[in-house]
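This report refers to the structure that appears directly beneath it.
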Amino acid sequence: MQEIKKIATGSPWEDIVGYSRAIKIGNTIEVSGTTAPGANEYEQTVAIIESVKKVLNDLGADLDNIIRTRIYCTDITKWEEIGKAHGEYFGKIKPVTTMVEVAKLIDPNILVEIEFSAIVPQQ
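Under this note's numbering, the letters of the sequence shown match residues 3 to 125, in that order.
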């Protein structure tokens, strides 16, 4: 049986809702929907990716291992701001991605939420 490693960030939501920030099973990593503060969609997207980069590093991975992102935003007309930030990090990596508009996220100040999937090469 493969070892399961769970990462928590200490957010109160993790215990209230009952989830892990990230889980690594074998060489697969799944990162929960991640949000971050910022004045606009671009800043929030950058902060989210920077936050996830730290989580991946804790699990022995980095952004190059990302194979999928799922982006949820509250205003799809801001897709270019979100896409610009995403492209600055993933322009050469080119994971598969989805961007969809949702009615709202957990906090009205949160404009973007992103989930990540990664595969770390077998050693």
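Glycine residues also receive a C-beta, built at the ideal position from the N, C-alpha and C atoms.
Since this is a predicted model, take the numbers as computed values, not measurements.
Approximately 15 Å separates the beta-carbon atoms of Val19 and Val33; this is outside 8 Å, ruling out the contact. Assigned with DSSP and collapsed to three states, Glu32 falls in strand. Residue pairing by DSSP places Ser119 opposite Glu32, Arg70 in a beta bridge. For Gly40, same chain residues with a beta-carbon under 6 Å away, outside a window of 5 residues either side, are Gln46, Ala49 in chain order. DSSP, read as helix, strand or coil, puts Thr11 in coil. Bounds of the alpha helix (DSSP H) holding Ile50 are 43-60. The beta carbon of Ile84 sits closer than 8 Å to those of Glu43, Tyr44, Thr47, Ile73, Cys75, Met101, Val114, all from its chain and outside the five residues before and after it, given in chain order. Closest in C-alpha terms to Gly35, from the list Trp81, Glu90, Asp66, Val57, comes Val57.
The count of Cβ pairs closer than 8 Å, one atom from the stretch 61-70 and one from the stretch 86-97, reaches three, so the stretches are in contact. Taking C-alpha positions only, Glu117 is separated from Arg23 by approximately 10 Å. Ranked by Cα distance from Ala105, the first of Lys86, Asp77, Asp17, Pro123 is Asp77.
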